[in-house]
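Residue 1 is where the sequence shown starts when you use our numbering, and the numbers rise one by one after that.
We put the CB at the ideal spot given by N, CA and C, even for glycine.
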Amino acid sequence: MVDLENDVKFIKGVGPNRVTLLNKLGIYTVKDLITYYPREHEDRSKPVNLCDVLDGQEVLIEAIAVSKISQIRTSRKNMTMYKLIVRDETDSCLITWYNQSYLKTRFTLGEKYTFFGKISKKNGTIQMNSPVFDDYGKTKNTGKIIPLYPLTYNLSQNTIRQIMANALKLINNELEETLPEYILEEYKLLDINSAIKKIHFPRDYNEYEIARKRLVFEELFGMQLALLGLKNRYSANEVGISFNKDVKISDVINDLPFKLTKAQIKVLEEIDSDMENQKPMNRLLQGDVGSGKTIVSILAAYKAVKSGYQMTIMAPTAILAAQHLEEYTKILSKYEIKCELLVSAITKKKKEDILKRLKDGQIDVLIGTHAILEENVEFKNLGLVVTDEQHRFGVRQRKIISEKGQNPDVLVMTATPIPRTLALILYGDLDISIIDELPPNRKKIDTFAVTKGLEERVNIFIKKQIEEGRQCYIVCPLVEENEEINAKAVVELAKNYKEKVFSNYRVEYLHGKMKSKEKEEIMEKFKNGDIDILISTTVIEVGVNVPNASIMVVENAERFGLAQLHQLRGRVGRGEYKSYCILKYQGKSDNIRERMKVMQETN
């Protein structure tokens, strides 16, 4: 049995210089090497006739050398060209290499070879520059699927492929199986030796996919076990807070000016049960944009505070934190629960006052941004921690804030749509609650994907909605012009819309480089109806609540991920008015069209 922890230097072909280069890639041991998987594979197995090749195409050709290598010195210093003419049954090709002196005697007139490289067509001549090649019938560099690895300077693909082949030869199918036999059978997985061999050197793409399936399964399976182990360790070793069973969340529910959905009630029962249990709560609350996660967290805060503890909620932006303060205060102030806002923009004097009152226990609920994570933020008796929009915070940040109390209960909220099985994998250390129902007053948002040709119609529709008293968001991916991405900049677009397209309306813009105070002032004006059209980057993606906004237009929608588009769409449809999301996209690829179709057909 090979010791996988052996230094990589003991593998054939790895000298002192190559050890250093491999170390730069994080490869120190035999195990590191064989688990350094290719980033992709290149198919060099299917030959193409020269008459069928296209300019710019990478192809394999089988051709006979019809000239001897000619050596040409160029005007550039130390640059020599080597040219060879080859021919198959359909056409000829001029092949060029640079500074490869060994090639002078490499090819024999009339012999057949295989070449793989990029075609260029110049003045009716088919050319190929610096291809890899083999004698006909050999498969060292051609005639098969070739792995391509992420590499560092001075380490060639050929070199690492040879080192990898030597390592697999050394192992000689003696890797110890890491998965039980019954799992291999149940999920029809390859054994570990076959999987490692075929992930690097598959005979075809089917072999590669089967090998990848085995290795991906093992990685996720191991991660799942580790997370479950973590969860069980929490359960077994940690004693948390058992909140007062006499504090009834239902007392506040009955006082609310609106009815909760059945899904919200179900989730609250799960949270209430967790909070009364001595085991610390670690729960993920997943719910669509506008499904009512915030009110759930407010009711949990009530139970925590009335049981004698403090509560904190961390939001990703100051705008969202301020919105939470407004909603928390509106519901909790009548129960004499004191809420306070902590964001980086507040004055030094006010911050000192907040920190003192927090430490003395005069603040019951602290709402804020990353500012809450600072070392000088001390609670008297923290019992409940909520993080909003979990995808913006890491496990480490969750840990920092939790350590400000004695094993407080933790509620993690997200509106990002995650399939349940994936949520179990990503958040295996958390229990999962899902609000799978929207409040009855929420209307379905109609989504349309349009190309540039329909821009005028979209603008007419926006004007019609504003004339009816509604407001509109227009979202761009960038702040500054970037030719490579070809996305409209917020400032440029705002200027055009203000002066030309929507000159009769109140147009403002918002982006992440603006000062916090300036952003908050603009959002406040938009919320109050003093702005008709708000042009923005994705800073409005999370949490902003403007019930009167009924249109979301996303410029260059193809530049956004599906989860991000879903979040953006959720900024409208938050009031009583019929709402629309218009995705303006460029490009004709099947992938873009499929993604736009998904957004139109799903909610």
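Quiz prompt | Length of the line joining the Cα atoms of K198 and M311 | solution = 53 Å
Quiz item: Beta-carbon separation of L268 and L155 under 8 Å?
Solution: no
Quiz prompt | Residues of its chain near L341, where Cβ-Cβ distance is below 7 Å and the 5 sequence neighbours each way are ignored | solution = A321, A322, L325, I367 and G368
Practice problem: Check the DSSP bridge columns for I434 and list the partner residues they point to. | Solution: Q286
Quiz item: From E455 to G361, what does the alpha carbon distance come to, in whole angstroms?
Solution: 56 Å
Quiz item: So T329 is in the alpha helix (DSSP H); what residue range does that whole segment cover?
Solution: A318 to L332
Exercise. Please classify A549: does DSSP put it in a helix, a strand, or coil?
Key: strand
Exercise. Output the residue ranges of the beta strand (DSSP E) runs that lie fully inside the stretch 352 to 376 and measure 3 residues or longer, sorted by chain position.
Key: 365 to 368
Quiz item: Once you ignore the five residues that flank K24 on each side, which residues in its own chain have a CB closer than 6 Å to its CB?
Solution: T152
Self-check item: Which listed residue (K31, T317, S333 and K140) has its alpha carbon closest to that of S344
Solution: T317
Self-check item: Y580 and I551 closer than 8 Å at C-beta
Solution: yes
Quiz item: In its own chain, which residues sit with a C-beta less than 8 Å from the C-beta of K498, not counting the 5 before and 5 after it?
Solution: V507
Quiz item: Candidates T537, M81, Y82 and G570: which alpha carbon is nearest V491's?
Solution: T537
Exercise. Check whether the Cβ atoms of I119 and D55 sit closer than 8 Å, and answer yes or no.
Key: yes
Quiz item: Is E499 near the ligand FAD, going by C-beta to nearest heavy atom under 7 Å?
Solution: Looking for the ligand FAD in the displayed structure turns up nothing, as the structure carries no ligands at all.
Quiz prompt | Supposed close pair I582, V553 - CB separation, criterion 8 Å | solution = 5 Å
Exercise. Report yes if the C-beta distance between G13 and I163 is below 8 Å; otherwise report no.
Key: yes
Quiz prompt | Top-ranked residue by Cα proximity to M596, from Y577, Q567 and E558 | solution = E558
Exercise. Given a cut-off of 8 Å, decide if L148 and E58 are closer than it, judged by their beta-carbon atoms.
Key: no
Practice problem: Starting from the C-beta of L382, find all residues in its chain whose C-beta is less than 6 Å away, skip the five residues before and the five after it, and write them out in chain order. | Solution: Q310, K404, G405 and P408
Quiz item: How close, in whole Å, do the beta carbons of S297 and V386 come, if the pair is a contact with beta carbons under 8 Å?
Solution: 5 Å
Quiz prompt | Among G570, I64 and K104, the one whose alpha carbon lies nearest that of E111 | solution = I64
Quiz item: Considering only C-alpha positions, which residue in the set Q600, G570 and E89 is nearest to E414?
Solution: Looking at the sequence provided, one finds Thr at residue 414 rather than Glu. Selected option, being the one with the closest Cα: G570.
Exercise. Measure the C-alpha to C-alpha separation of D364 and K350 and round it to an integer number of angstroms.
Key: 17 Å
Quiz item: What is the C-beta distance between I435 and G575, in whole angstroms, given that I count them as a contact (C-beta under 8 Å)?
Solution: 19 Å between Cβ atoms; not a contact.
Quiz item: Between which two residues does the beta strand (DSSP E) harbouring R574 extend?
Solution: Note, R574: premise wrong, no beta strand (DSSP E); not H, not E.
Quiz item: Secondary structure at L510, three-state DSSP: helix, strand or coil?
Solution: strand
Practice problem: Under 7 Å Cβ to Cβ from G143, same chain only, skipping five residues before and after it: list those, please. | Solution: R44, S45, T114 and D134
Quiz item: If you run the structure through DSSP and keep just helix, strand and coil, what is G229?
Solution: helix
Quiz item: Taking Cβ to Cβ, would you say L358 is nearer than 8 Å to Q397?
Solution: no
Quiz item: Should K77 go down as buried or exposed, given a rule of 16 or more other Cβ atoms within 10 Å for buried?
Solution: exposed
Quiz prompt | Straight-line Cα distance separating Q157 from K83 | solution = 24 Å
Quiz item: If you drop the 5 nearest sequence neighbours on each side, which residues of the same chain put their C-beta closer than 7 Å to that of N486?
Solution: In this prediction, N486 scores a pLDDT of 32, lower than 50, which makes its location untrustworthy; the coordinate-derived value is nonetheless stated afterwards. Result list for N486: empty, nothing under 7 Å.
Self-check item: Nearest-angstrom beta carbon gap, I253 and L260 [assumed within contact, 8 Å]
Solution: 6 Å
Self-check item: C51 (DSSP reduced to helix, strand or coil)
Solution: helix
Quiz item: Hey, is the stretch 3 to 13 in contact with the stretch 159 to 177, meaning 3+ C-beta pairs nearer than 8 Å?
Solution: yes
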